[in-house]
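**Q** Dropping the structure in here first, questions after.
Number of protein chains: 6
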Amino acid sequence: MKLLVVNPNTSVEMTAAIGLAAQKVAGAATHIKTVCPTFGPRSIEGHYDEVVAAAGVVEQVRAAQAWQPEGIIIACFGDPGLDGARELTSAPVLGIAEAAFHAASMLATGFSVVTTMTRTCIIAEHLVHRYGFERRCRGIHGTDIPVLALEHCSGQTFETMVSAAQDALLKDRSGAIVLGCAGMATVCQALQDRLGVPVIDGVAAAVKFAEALAALGLKTDKTGDYAQPLPKEYVNWQGFD
Amino acid sequence: MKLLVVNPNTSVEMTAAIGLAAQKVAGAATHIKTVCPTFGPRSIEGHYDEVVAAAGVVEQVRAAQAWQPEGIIIACFGDPGLDGARELTSAPVLGIAEAAFHAASMLATGFSVVTTMTRTCIIAEHLVHRYGFERRCRGIHGTDIPVLALEHCSGQTFETMVSAAQDALLKDRSGAIVLGCAGMATVCQALQDRLGVPVIDGVAAAVKFAEALAALGLKTDKTGDYAQPLPKEYVNWQGFD
Amino acid sequence: MKLLVVNPNTSVEMTAAIGLAAQKVAGAATHIKTVCPTFGPRSIEGHYDEVVAAAGVVEQVRAAQAWQPEGIIIACFGDPGLDGARELTSAPVLGIAEAAFHAASMLATGFSVVTTMTRTCIIAEHLVHRYGFERRCRGIHGTDIPVLALEHCSGQTFETMVSAAQDALLKDRSGAIVLGCAGMATVCQALQDRLGVPVIDGVAAAVKFAEALAALGLKTDKTGDYAQPLPKEYVNWQGFD
Amino acid sequence: MKLLVVNPNTSVEMTAAIGLAAQKVAGAATHIKTVCPTFGPRSIEGHYDEVVAAAGVVEQVRAAQAWQPEGIIIACFGDPGLDGARELTSAPVLGIAEAAFHAASMLATGFSVVTTMTRTCIIAEHLVHRYGFERRCRGIHGTDIPVLALEHCSGQTFETMVSAAQDALLKDRSGAIVLGCAGMATVCQALQDRLGVPVIDGVAAAVKFAEALAALGLKTDKTGDYAQPLPKEYVNWQGFD
Amino acid sequence: MKLLVVNPNTSVEMTAAIGLAAQKVAGAATHIKTVCPTFGPRSIEGHYDEVVAAAGVVEQVRAAQAWQPEGIIIACFGDPGLDGARELTSAPVLGIAEAAFHAASMLATGFSVVTTMTRTCIIAEHLVHRYGFERRCRGIHGTDIPVLALEHCSGQTFETMVSAAQDALLKDRSGAIVLGCAGMATVCQALQDRLGVPVIDGVAAAVKFAEALAALGLKTDKTGDYAQPLPKEYVNWQGFD
Amino acid sequence: MKLLVVNPNTSVEMTAAIGLAAQKVAGAATHIKTVCPTFGPRSIEGHYDEVVAAAGVVEQVRAAQAWQPEGIIIACFGDPGLDGARELTSAPVLGIAEAAFHAASMLATGFSVVTTMTRTCIIAEHLVHRYGFERRCRGIHGTDIPVLALEHCSGQTFETMVSAAQDALLKDRSGAIVLGCAGMATVCQALQDRLGVPVIDGVAAAVKFAEALAALGLKTDKTGDYAQPLPKEYVNWQGFD
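Here is the structure:
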């Protein structure tokens, strides 16, 4: 099975790290290919970054169609370009926020999100609402750890996350933690061991759910809202004719 | 990996059929064990049936703990006894309605449910609302096919389902069909081929999602709302001391 | 008028106490009959307990049909088996959580629930949401008083409840307290006197509302979602033929 | 027990009819007093009518405090002046729309409203939403019967209502009908006999619920949002000093 | 352009102040006429006050039709009589709470309301919910400044407002403040300067939005729910024949 | 006052037409500058088109900051890039869908959207939900008129729109029509004349609301969720240092 993992930012290091995280949980027969856009921000910490990154995501999803992926993962917690990507392919496409929310909902009556910059909480909040998890998600908590600091997650950064997660569990009366950044994948297991509740990394959840859907022969619907983009003239951009 | 599939009704034939359906989609390393309660209705077509069946589900989930299942599936579309079952185990527990709703949400902007008796639509409607899929689920449609008629799904029953699904897709402007009964698993692929949109059987979806969660080491939270039942006196029933 | 009060747990003492509480508020012409299941937990403090108790409720509601009750009350705050019970009878059936929420909504712009074990708050939360009181109910507060400790409500237990209720009123900016357990009926008046806001015991509210509906000749709808259970084979359980 | 029934419009005939309807269902020990404002519209068929009528309601509720009512009913389906009336008294105050919605929710999984002028449906819709019955109320249907035509409900008017109710039950998949006008009380029983589902007249429901609350010693909360109006200067109107 | 500003209370001083605030932001070609009812409370600090004031609003809107206003503003934060006023005219009618909520939603992802008496928060809360701003409005905060104290807003009153607004921004994680009383218009600019976030006075917002709608030739719909009141007999009140 | 109007697609003709429509309703002192991206689709008829166009919008908003616009309008009904644009500027930024929804909510109790391709209805539906207009917006109707066909709106295209709007008003019981495409601005007045209800063109509404906010000195909040993008490395794209 061929899974495409798109890191929406342009950090080569983070792309590699996400690829490793995906490969680590993938099935033996799964081939993971990890890419990032040819343009855009090195990290995504706001709406502007995200808008540009979303265009990078669809660029990569489109370019990868020749490779015929059987599942596609958008590995940034804002799920940038998700609906656009779904138009481009019949493979199932999963955002990591979406995947993590689904997984958490299967394990606890309520969950809390621990994320990076406080200013990005609003992005997660909008996703929670859009996807229908507003009664499951009991809180979204910024740690103000910069995304790129996660690349080399020191002991202090880890303790900041532990502390934020413990506060969240208590305050929100939650039973699971969702990691609000693809860059947090490396600390998932250690955090779960410390906290004693399920800790969900969206990259891992998305890989397994994509494998699950693909194994069942389930594909993105192409008859309606996610039909292939209409052919039309595009200026300075690869469109459809 | 050991997965317990609980058929909440007491139909031996349907239990076997569900077991086959589960086994068919399970991974090579997955061991499926299928059980049904020692008491209760032969089919579940209303709230009364469901209340009794839910007690049967927790009976079976409890009894199976010695077997140490790594994932548990409740194979009736009303997800009877789901929260009770989660208290009994640290393994992930999935209802098939829940699993199907999650899967459909990953594939289309909106889905429709096609189920058996019209009087059971309200059960699905309540689940949709409780789980937060009220904006994704665009309609729930009864076919008034009795559950047990699905055991030998004749050509006419199949055509009734095709017709109901086509009407649903058109009327609801949906892009996926969720099968509203565990007994419909056998027609899933044929229906998908006819309709041209993803058709989701909850048994299959639940098996793959349970495998996915278990593979990630994710378990039901035991610290809060799903903590082990408190020890107490039970009358004429197996409780916890 | 004949009212059946079903205590879903199997505590004989609590059944008697609930019967007394019901009788105390019933009209002069009302005959109260109080029963409890032949099986199940002595108290209900979680989902597992509740699933078993729900089966006990429908057992009792069914058994009591020969007595021809004109109203039925399910006297546990989780309203276990409510929809199943409604299928079994044309008499109005009221859960005590439901009745208390309705009553509180008529008296204040917002109310708070004070209940027993914190782990049961989620059950009340789900009911609030299901019944549509999510904007009226401003908080659900566990006191971690075990249900059976309420049988002999000492001064200290009472003070714990007073304190929890006062905190709730302040924090939630509420104007009424709903008692989250049938076993709290005995302290309702004393609590109301102390707090100066309406305090609603669901048993009392359910008795009066059932009397009200019955007096108006209003019955549970039997044409649709609450139609009589379909005849079918039941294994080791009393079904319908 | 003393119950005040306020007809918000100024039709003397309808006031009398509502009084009779209330008396008919009231308990033997209940004393019903029925009043209408000294000013305002003879019928309420829109927002303008309702705004004026609401002022008439609080005028009458205030004037009646000397009589010391133990329950108050606002007998127009828009529940005009409800919150204002609650500030004026510690007696429970019930609007008939509110009471009918509560009653219907106890008897069926979903109900439909059949009302008079189509242009008043929006008023009921806003109430449904405000009170939290949006998942219970499955449709609001105007018959375009003028309110005052109900005073002498001829056979044809009745048949129009039967037809509208039957259409509503079918289209909305409802199990109960709520009558959307105090003037429909007289046809309630006949309609229920014809339809075979519960038909709820809000006047009757409100009388019985007010009796229920009063019997339990439950009163409108006076500590917060419904505290007594603040003393202040009023111009050309009876205020509080 | 002729704009009618209706102050729903009967304070002549506040009417004049509101008129000045409106005139200050109005376009050069806009003629502002400010009126208040001939009856009712000098300030509006609860539901009773508001019910009476709403009748005063429709009295004034009706009386002003001869003047042919091209836009109408109801200058009290509870938007009393809004729907009734809309029936009376084809000019756009704006409540100041409504206008402020719309404006705030265009400037920040979430806003907080700072209002006068805590007991009026519930009125704003109901409006927020009715208008659909429940996800934008993150908090409603009472300062317990009496409305009439705002007429001569001393330094201390201002500091109370600054403090309440700062607390609200922090606690609610909001990005804008909505002033919850027409009498707060005078401090709007100073407050914005102190807080560094947008501060919205509903009177100003309503004036500019009314000008905007009128300039576009947009009018209140008269075909349906806001059609002209039906002719009918009114007692002691000016109705329609 | 300087207003920037960004047409998110790259049609030079439509950019000019939108500029004319904006200028036509702008105040005498308003200077309109209309731009379109340097890359992207000639029309926006799906999610993929929209993702690319959103990047084009932030490109243009960023580039225009040197011009110091006092208000910015995103002139495509999906409001692409809205939150990203708000981070880039302290000027108020309005999407035309957002502006139209706000305007319609001020004029009718419910409105219907008439748009172009049926496949874009889901985009409007998501916006309606995100902005909180789900109770105001009663229907979204595709006409399957291609966006570019609107450039030369023939009689037949107009009649298609009239017919769709009339159907929508009837079916949805709405009192206003929102035009679901910037390219429909030219037919707004003619459509309003035909239909007899308010017809809202989002471009016009956005221009007037932006003028209104700017005139009041109200700006996009820069303290929180819309703070200036963080400085960081951008690859092949203009970022912030």
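Residue numbers (this note's numbering), protein chains in the order written: chain A, 1421 to 1661; chain B, 1421 to 1661; chain C, 1421 to 1661; chain D, 1421 to 1661; chain E, 1421 to 1661; chain F, 1421 to 1661. Think of the CB as a built atom: it goes at the ideal place given N, C-alpha and C, for glycine as much as any other residue. In this text, all values refer to a predicted model and were calculated from it rather than measured experimentally.
1) Is G1515/B close to chain A? Criterion is C-beta to C-beta, closer than 7 Å.
2) Under 8 Å by Cβ, that's how I've got I1493/F and V1567/F pegged, so tell me the actual separation to the nearest angstrom.
3) What does H1549/D touch in chain F if you count any residue whose Cβ is under 8 Å from its own?
4) Taking only beta carbons into account, state which residues of the stretch 1585-1597 of chain E come closer than 9 Å to chain F, listed in chain order.
5) Span of the beta strand (DSSP E) holding M1599/A?
6) Anything in chain A within Cβ reach of A1624/B, meaning under 8 Å, just list it in chain order.
7) Quick check: what's the CA-CA separation for F1629/A versus V1445/D?
8) Which residues, taken in chain order from the stretch 1482-1494 of chain F, show a beta carbon closer than 8 Å to some beta carbon of chain B?
9) Between the stretch 1466-1482 of chain C and the stretch 1638-1647 of chain C, do at least 3 Cβ pairs fall closer than 8 Å?
10) Report the rounded CA-to-CA distance for S1510/F versus M1581/D, giving the unit in angstroms.
11) Go to T1535/F, then tell me how far its beta strand (DSSP E) extends in each direction, as first and last residue.
12) Per DSSP, what are the beta-bridge partners of T1454/E in this structure?
13) Among residues of its own chain, excluding the 5 on either side of G1498/F, which ones have a beta-carbon nearer than 6 Å to its beta-carbon?
14) For I1516/F, report the span of its alpha helix (DSSP H) as first-last.
15) Based on Cα-Cα distance, which residue from A1528/E, G1562/E and E1507/E lies nearest to P1618/E?
16) Just checking: is the beta-carbon of I1560/E within a distance shorter than 7 Å of some beta-carbon in chain C?
17) Quick check on S1489/B: buried or exposed, where buried means 16 or more other Cβ atoms within 10 Å of its Cβ?
18) So with Cβ pairs under 7 Å, would you call I1542/B a contact of chain D?
19) By the criterion of Cβ-Cβ separation under 7 Å, what are the contact partners of K1652/C in chain B?
20) Less than 7 Å separating the beta-carbons of A1519/D and V1513/D?
21) Let me check understanding here. Comparing Cα to Cα, which of G1603/F, K1591/F and C1557/F lies closest to S1574/F?
22) What is the residue span of the alpha helix (DSSP H) that G1476/D lies within?
23) Which value, in whole angstroms, describes the spacing of the CA atoms of E1554/D and C1557/A?
24) What number of angstroms, rounded off, separates the C-alpha of A1632/B from the C-alpha of C1496/F?
25) Which residues in chain E have a C-beta closer than 9 Å to the C-beta of V1478/D? List them in chain order.
26) Kindly indicate if chain B contains any beta-carbon less than 7 Å away from that of F1629/A.
27) Could you check if D1613/F is buried or exposed, using at least 16 other CB atoms within 10 Å of its CB as the buried criterion?
28) How many whole angstroms separate the CB atoms of K1652/E and P1461/D, which I take to be in contact at a CB cut-off of 8 Å?
29) Using alpha carbons as the reference points, say which of I1516/C, A1588/C and A1486/C lies closest to P1428/C.
30) C1557/F bridges to which residues according to DSSP?
31) Assign G1491/C to one of three DSSP states: helix, strand, or coil.
32) Taking its Cβ as the centre, do 16 or more other Cβ atoms sit within 10 Å of S1583/A, making it buried, or is it exposed?
33) Are the CB atoms of I1452/F and A1436/F nearer to each other than 7 Å?
34) Based on DSSP bridge pairs, tell me the residues matched to G1562/C.
35) Going by C-alpha distance, which of L1590/E, A1448/E, R1482/E and H1467/E is nearest V1455/E?
**A** Considering the structure as presented:
1) no
2) Not a contact, Cβ separation roughly 18 Å.
3) Listed along chain F are R1555, each with a C-beta nearer than 8 Å to that of H1549/D.
4) L1589, R1593, S1594, G1595 and A1596
5) In the sequence under discussion, the amino acid at residue 1599/A is Leu, which differs from the Met named in the question. Looking at the DSSP string, the run of the beta strand (DSSP E) that includes L1599/A is I1597 to L1599.
6) Neighbours of A1624/B on chain A, chain order: L1636.
7) 59 Å
8) none
9) no
10) 58 Å
11) F1531 to T1535
12) BP columns for T1454/E point to V1425/E.
13) E1470 and I1543
14) I1516 to S1525
15) Of the candidates A1528/E, G1562/E and E1507/E, the one whose C-alpha sits nearest the C-alpha of P1618/E is A1528/E.
16) Put simply, the CB of I1560/E is far from chain C, with every gap to its CB atoms at 7 Å or more.
17) In the sequence under discussion, the amino acid at residue 1489/B is Pro, which differs from the Ser named in the question. Label assigned to P1489/B: buried.
18) It does: the Cβ of I1542/B has a partner Cβ on chain D nearer than 7 Å.
19) P1461, R1462 and S1463
20) no
21) G1603/F
22) H1467 to A1483
23) 23 Å
24) 41 Å
25) H1467, Y1468, V1471 and V1472
26) yes
27) Its Cβ having fewer than 16 others within 10 Å, D1613/F is exposed.
28) 6 Å
29) Distances from the CA of P1428/C to each of I1516/C, A1588/C and A1486/C were compared; the closest alpha carbon is that of I1516/C.
30) F1531/F
31) strand
32) exposed
33) no
34) T1535/C
35) R1482/E
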